[in-house]
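Protein chains: 4
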Amino acid sequence: MTVKQTDGVKIVTIGGGSSYTPELMEGLINRYDQVPVREIWLVDIEEGKEKLEIVGEMARRMWNASGHDVQVHLTLDRREALKDADFVTTQFRVGLLAARIKDERIPLSYGMAGQETNGAGGIFKALRTIPVILDIVEDMKELCPDAWLVNFTNPSGMVTEAVMKYGHWDKVAGLCNVPVIAMMSEPEAIGKTPEDLTYRFAGLNHFHWHRVWDETGREVTRDLIEAFDRLGRTPGTPANIFDVPFYREQLDLMDMIPCGYHRYYYRQQEMLEHMLEEAQSQAGTRAEQVKQTEDELFELYKDPNLDHKPEQLARRGGAHYSDAACETIASLYADKNTHIVLTTRNNGAIPDLPEDVAVEVSTLVGKDGPKVIPFGALPAGERGLLQVMKAMEQCVEEAAVTGNVGALLEAFTLNPLITAGETARQVMNELLVAHERYLPQFAPVIEQLKQDGVTVKDERVRRLMEEGQ
Amino acid sequence: MTVKQTDGVKIVTIGGGSSYTPELMEGLINRYDQVPVREIWLVDIEEGKEKLEIVGEMARRMWNASGHDVQVHLTLDRREALKDADFVTTQFRVGLLAARIKDERIPLSYGMAGQETNGAGGIFKALRTIPVILDIVEDMKELCPDAWLVNFTNPSGMVTEAVMKYGHWDKVAGLCNVPVIAMMSEPEAIGKTPEDLTYRFAGLNHFHWHRVWDETGREVTRDLIEAFDRLGRTPGTPANIFDVPFYREQLDLMDMIPCGYHRYYYRQQEMLEHMLEEAQSQAGTRAEQVKQTEDELFELYKDPNLDHKPEQLARRGGAHYSDAACETIASLYADKNTHIVLTTRNNGAIPDLPEDVAVEVSTLVGKDGPKVIPFGALPAGERGLLQVMKAMEQCVEEAAVTGNVGALLEAFTLNPLITAGETARQVMNELLVAHERYLPQFAPVIEQLKQDGVTVKDERVRRLMEEGQ
Amino acid sequence: MTVKQTDGVKIVTIGGGSSYTPELMEGLINRYDQVPVREIWLVDIEEGKEKLEIVGEMARRMWNASGHDVQVHLTLDRREALKDADFVTTQFRVGLLAARIKDERIPLSYGMAGQETNGAGGIFKALRTIPVILDIVEDMKELCPDAWLVNFTNPSGMVTEAVMKYGHWDKVAGLCNVPVIAMMSEPEAIGKTPEDLTYRFAGLNHFHWHRVWDETGREVTRDLIEAFDRLGRTPGTPANIFDVPFYREQLDLMDMIPCGYHRYYYRQQEMLEHMLEEAQSQAGTRAEQVKQTEDELFELYKDPNLDHKPEQLARRGGAHYSDAACETIASLYADKNTHIVLTTRNNGAIPDLPEDVAVEVSTLVGKDGPKVIPFGALPAGERGLLQVMKAMEQCVEEAAVTGNVGALLEAFTLNPLITAGETARQVMNELLVAHERYLPQFAPVIEQLKQDGVTVKDERVRRLMEEGQ
Amino acid sequence: MTVKQTDGVKIVTIGGGSSYTPELMEGLINRYDQVPVREIWLVDIEEGKEKLEIVGEMARRMWNASGHDVQVHLTLDRREALKDADFVTTQFRVGLLAARIKDERIPLSYGMAGQETNGAGGIFKALRTIPVILDIVEDMKELCPDAWLVNFTNPSGMVTEAVMKYGHWDKVAGLCNVPVIAMMSEPEAIGKTPEDLTYRFAGLNHFHWHRVWDETGREVTRDLIEAFDRLGRTPGTPANIFDVPFYREQLDLMDMIPCGYHRYYYRQQEMLEHMLEEAQSQAGTRAEQVKQTEDELFELYKDPNLDHKPEQLARRGGAHYSDAACETIASLYADKNTHIVLTTRNNGAIPDLPEDVAVEVSTLVGKDGPKVIPFGALPAGERGLLQVMKAMEQCVEEAAVTGNVGALLEAFTLNPLITAGETARQVMNELLVAHERYLPQFAPVIEQLKQDGVTVKDERVRRLMEEGQ
């Protein structure tokens, strides 16, 4: 980091109208002594203008209440915002929550896993997001070539890898709150505090494992596994994931703790059954539940007297996300050498993957960027899972950049949550058609599908499409 | 190979009572000028004694008819046979066809793929076979330390890798007829003969891809893909595999031809549907069909006038298997440098896998053993599939050697044909109980399962078990 | 290649005033039916203006004589030339031949190998060249983002790798005439013609090995080794390399033919002795001999009647260089799928090196660029040599980009031709001071060295420096 | 470890007549509460019988003084000793100190580095030792298949790798005192104690680097580098290594501390000059100095009143060697999970080398053997050095097993301390002839050399040979 320290830091947030923004503001306010922010630019698109104004006003009130002299700019002009930025954070959702509903409902309507970052849904979220982030990177090359890109747009792993591989942009860190939640929630199970324990993570975004040591250097991974077994639940699993237990024999063999999302793979059957139940319930899929929470949050943000992050935000599911982002910014800026779990270049941290791919691992973050903490070779089983997921991610990224249907079929074949064959192909076709507006790279393919009469089976999705979403 | 060439070659066949033996004899008779066989020992176990005698007499008649002075010994004493052997071939089936029926029917009874070398069935075949082959290797270390082991017992890849990794025995070559069938059946589709084309294979047993060049050095892989598309079928696919087409977009991207068994992965849904149909049909599962053919073959072999391989054997499914074995023996012995597709040590042929694992690749076989022909890096999608399968194989091998349930659950999780969760666990448990006799390494686990009341659901399998099989 | 084929091809040659240019022109004229050239821009710098005009006029005469309507532009304005180029070739020499004389004489004055592309001299040639090529690439990103860069500026391997790694430019092919010379000169030794044999190369620039097969597919590498042994010389070794024989026992073990330059490593002692003798002789070092030849060539080029490449050019040492370049251009443009040995991305061709480094290997060149032909794992000894050279190259590239003395010392330590210690450090210091003008990245270091009183010991080099070279 | 804990531990020491044995005894006496030794077998060969008796009596006195009831057996019958051993330690020197004198003097007589474990000397020590250790392993397979082999015979890395690779024996740990010396001597330089700091090592035997952290987890590698710079010496360097400083710029770039022996590579010139001086001095080469010390030690050991390790042993150069061995035995036996730096299987600890090669790294040693602590990717320069040294080791091991001169020439070419060419070949030839008695695998080659008139130039070595050594 060679920020010109004289005149304060300029931070730009793409997707600034997100309900997460107040958390981000709080994180920056709390670290103002480490990162002297001069100006914040919240950027959004036309459709998000109203939300941007609500959350932007909220942000201004928060900074005013903090007593720091920081300008909060709201804009729909991304290029204006990026000019001379020191940090760019990305938290946008291409297609908004309506797109997430499609990602969930279309696979589920065929009895397949429908989920935001796993299975067919995660693949399509990447297809929509990667072209946009690559555009942002092109702007950054021109307008703020020394800035760091702190990405917490999901699927964070694929998006970050695409930035490095196709955008040729190295100053990027991908963030996720799943490791933070584990590190904060697990220690209690063995009578410890987060400060007592040392964590080491390795894997991919939403697909990592960790090992843990206590303050004397003794490994306590096995103690945690046993404690979770006794408790009958896994405290570190994010609230939004159904907590079916892992098989103890597998945990004993791997001698690591899988992340919450790993249930989709180690207990595929039960997770699918749960998703199908949820979709048919009153509450609806996760996207539909989140939409409800968001609407409530924006009602709160409208309150002209509210000048601090409301408690309800924590329930949103993305708790600690922005906190991790702010800590990353502070560590980069103030050379703190903090342990942060990030998606970054492998560099041998996981010897089972090439050095130049993106992995989510424990790093020490300082002014020269994150330095990976080596994790070592994985057990055979986990190595295989990791390698097939990385290959799947690369096929998705290729499809996102080229619009090649073969690459997309490859990703569908590789993805453990998808059963390759005609039903999967139908799911793929419906998702292509449903997301047409955000998949210009697939335009000729989608045109052909529509001519072939492909239509979406799920009613709620059809309704969204009729509404122009 | 440092065979003492003065006094002829001694060949030992473990599982000598197999219906394949006449093909093996034919192959050796045809290559007698290259490999001067002195004596052949056909070894089998008590249960196979009757078949051994039938097929042994048949073998003697074949050699007599050939005019060569070769002694054919029949024995149940493996150690007596192995003494000073030059070549040991293995073609045994632990648990006979009854075990295969269990491998197929138990998974299918829960709607999962039931197949001899893929899915849960293939995993259990490996669990039964690996301890036996390792015993054979221990005997070989003592009794014939210079011999080559030519394995065509399935699952050939895992069995061969276990010999190298756990048996520390390097002089082993794993064989399969799938590449041979492809090389003999495909060329016609583009108006060529097998002699015109050069093939290069890489992958794992029943999980490889190939590329093809014509006599001018021009690559014709794409021509073959197009020809198959026009034909509406894949000529190189073994007769026993349902010929659902691969998706053309995937073939175009990978620019290779997958093997017939790859359908289980690229078209998982359709292959499963086909297996379920077949199991419910009159003909029954593959094992049940094969049993019928075998009975017919042994009836033929009893004919004291039959002194050559009968035509019907070709229909058995394993056509060319023994031929490939004999060509391997001849190439090792006579330093022929023939192109043979074998399971052998990777040695960089596929840079996406470590050098010391077993792969099935094109090799040149001469007196120093097979030398791999480098294939180069695979496309991302195929690399991922290959890596997850290799990891699965390694988990299976570990489970076979240690009896560790965690390793077995890992293999179930990794296997693309198995949906991880309680149903899969039930399938695993039933297979453990059904194969109890051949899984001594899992004895305590199986004991516990029986105490917990695990019983087999499929009626035909239950009946086999009641019959003591 | 997506050249707009309507209006002909634009080719730009950086270092257009080189004595090689007529060969390049000849190659393009001979392939005009494959590559319809519209205009050629020969670019040089102020110091090269006179030569540019001489050779430019010569080029024009050659094209006129060919009867094709091609415009030859001469310019000192690189950016004007690059605009909308289809192919950019680079053949410049930063610091001209005077720099090469320094690269040779300074190490030799301390009894160390002094050579253009090996040892300390090769390192410094890279330090001077890499910043310039990276500047060119930045211009290309802006002015001709679809063009291919065909580099034959030495050290071709490091320069090409720097373009890929630091320039983030993938459409680059590095060229060298050493493989071409081998393929043209060796076959005769076993009574064959170049057309009869198939060659496969792998390694790094000036550091590769090859294997050879005859028209029946039989490997003849060993036949060639034996023939060279009988002949007492290696026909494929470039004329400028002292032909001390390799040790037969090493060749027999590696079963490959090393390139001519490999003598500097396998017979380090004798090569050094020869270089020291040569430097003390009348003819002087290679650079001094080349300078003489070049002066003679330019005298010839001045002849207004000369309109074809003169015979004398072949003796220049770089024979076939431009021919390989033209064939590469033709293969890229006309999708010829020709076998060309190029420096390109490894992609698993040599599994002993990471996939993303630059290697010099056999490729098939078509419209999508070069596709590597897998070579397979090297024997242990050659693998080690290759890996340490690749590491050395990477340290040099890092030093070239950052001006870090530690990285330069690392390169000196790794280089097998340099004995690490104080004498090597003195050589390094003198080279830094002697090349000051072309090493702006080391400006502060050089400033300090001069203050510390570092001066060049070799008299001829001191004289060149006094003349302002 | 599945030692039958009822009846105490049996330890066998091959090379039991070594002057180190008292240190080994002391280490076992100090750890008797952790490792209940029942009997110790000191094994030696006929030539070592006298020393064996002297040191054996000394050992008995030490155990008597300790008050523990442990039998010390002295024998020349290795097989008798190995029967049912729990631990086998190896500390023998094939050819005794006379062989070491040859290893040092022959290269030095041609101006090349002559050293026990580096350069040509280290190569020949491996050639003599590997066949012997492989014989021991064959005995162990038969007589004590569950025992651990704790090797501290040099060159420890190659000897240990040969045991794993050619002996197919996994229960082996290679030991060296260099890391121990560093961990005990360095901390003081920054005002710390060994207990305060955490060390992590990675590399090969006598060729590793380390990083260090303080009690708060802060990395202090750079602090140590600076402290050594201020001190003008490196406290962790073994007493027998000339302490020329590393170049600070290289240390700053690599951000690691090289081991003492690394000076032979980073400061090759000065180390060679020092060795040449030493050889011409009164004291003579290291071997000659060591011989003097040993003679003095055996005089002490003869004292029937001496029943504890004498102080003078510490000066012998191998201080802490046996201590590390005893700690390894205790950790294996008592499952202590101690941090010990060992030569063991890489398993991804250093991702720049294959998983199955031997490396010297930080491990945690418990009942299941050593588990490597991942170190992560090395900087480019150190990666290259490491890879070329590993390749050299593998060529040496191959030569030791096969007697192939090509492999030996490859090792000479790869070794950075040897300049390939005729002088090196002469050094190789003289070493072959001088060590004839211990190199049966090279018998035909040596016979030819003698017929060709190869004789040793160095007078002292010639004298040793005339004496029959």
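So the protein lines, in turn, are chains A, B, C and D.
Each residue of the first sequence is one higher than the one before, starting from 1 at the first, in full-length UniProt numbering.
Each residue of the second sequence is one higher than the one before, starting from 1 at the first, in full-length UniProt numbering.
Each residue of the third sequence is one higher than the one before, starting from 1 at the first, in full-length UniProt numbering.
Each residue of the fourth sequence is one higher than the one before, starting from 1 at the first, in full-length UniProt numbering.
Think of the CB as a built atom: it goes at the ideal place given N, C-alpha and C, for glycine as much as any other residue.
Between C:PRO354 and chain A, the shortest Cβ-Cβ separation is below 8 Å. Close to A:ARG267, with beta-carbon spacing below 7 Å, are these residues of chain B in chain order: ALA420 and GLY421.
Each residue's CA atom was taken as its position, placing D:GLU57 and D:ARG79 some 22 Å apart. For a Cβ distance threshold of 8 Å, residue set HIS168 of chain B lies close to D:HIS168, ordered along the chain. Our two residues, B:LEU364 and B:GLU327, have alpha carbons roughly 12 Å apart in a direct line. The secondary-structure analysis by DSSP pairs C:PRO370 across a beta bridge with C:VAL365.
Excluding the 5 residues flanking it on each side, D:GLU47 has same chain C-beta neighbours closer than 8 Å at LEU96, in chain order. A straight line joining the alpha-carbon of C:VAL361 with that of B:THR216 spans about 22 Å.
Note on geometry: alpha-carbon atoms of C:VAL427 and A:TRP148 lie some 40 Å from one another. Taking 9 Å as the cut-off between beta carbons, the residues of the stretch 179-205 of chain A near chain D are THR198, in sequence order. C:LEU74 is the residue among C:LEU74, C:ASP69 and C:ILE130 whose C-alpha sits nearest the C-alpha of C:GLY16. Assignment of beta-bridge partners to A:GLN71 by DSSP yields A:GLU39. Flagged as an interface residue toward chain A: D:GLY348, by a C-beta distance shorter than 8 Å.
Setting aside the 5 residues that flank it on each side, A:VAL132 is surrounded in the same chain by PHE92 and VAL94, each with a C-beta closer than 8 Å to its C-beta; the list follows chain order. About 7 Å separates the beta carbons of B:VAL372 and C:GLY376, which is inside the 8 Å limit, making them a contact pair. Against chain D, a Cβ distance below 8 Å from C:VAL405 picks out GLU249. Contact between A:LEU386 and A:GLY203 holds, with the beta-carbon distance rounding to 6 Å and staying under 8 Å. The alpha-carbon separation between B:LEU432 and B:ARG462 amounts to approximately 13 Å. At a cut-off of 4 residues, the continuous stretches assigned as alpha helix (DSSP H) that sit fully inside the stretch 344-417 of chain D are 380-402 and 405-414. Spatial neighbours of D:PRO187 in its own chain (CB-CB distance under 6 Å, excluding positions within 5 residues in sequence) are listed in chain order as THR193, PRO194 and LEU197. The C-beta of B:PRO351 comes closer than 8 Å to at least one C-beta of chain C. Within 8 Å of the CB of A:GLU270, the CB atoms of chain B belong to GLY421 and GLU422, in sequence order along the chain.
For B:LEU204, no alpha helix (DSSP H) segment is defined; the enclosing uninterrupted segment is the beta strand (DSSP E) at 198-204. Taking 8 Å as the CB threshold, D:PRO310 stays off the interface with chain A.
For D:ASN118, the number of other beta carbons within 10 angstroms of its own is at least 16, and it is reported as buried. Neighbours of D:CYS395 in chain C, taken as residues whose beta carbon is under 7 Å from its own, are ALA380 and GLY381 in chain order. Listed along the chain, the chain C residues whose CB falls inside 7 Å of the CB of B:ALA85 amount to none; the nearest CB is some 31 Å away.
Listed along chain A are ASN347, GLY348, ALA349, VAL372, ILE373 and PRO374, each with a C-beta nearer than 8 Å to that of D:GLY376.
The three-state secondary structure of D:GLU219, taken from DSSP, is strand. Between the stretch 157-164 of chain D and the stretch 121-135 of chain D, the count of C-beta pairs closer than 8 Å reaches three or more; the two stretches touch. Residues of chain A whose Cβ lies closer than 7 Å to the Cβ of B:GLY157 do not exist; the shortest such Cβ separation is about 15 Å. Residues of the same chain with a CB within less than 7 Å of the CB of A:ALA330, apart from the 5 flanking positions on each side, are ARG31, GLN34, VAL35 and LYS336 in chain order. Three or more beta-carbon pairs drawn from the stretch 253-262 of chain B and the stretch 229-240 of chain B are found closer than 8 Å, and the two stretches are therefore classed as touching.
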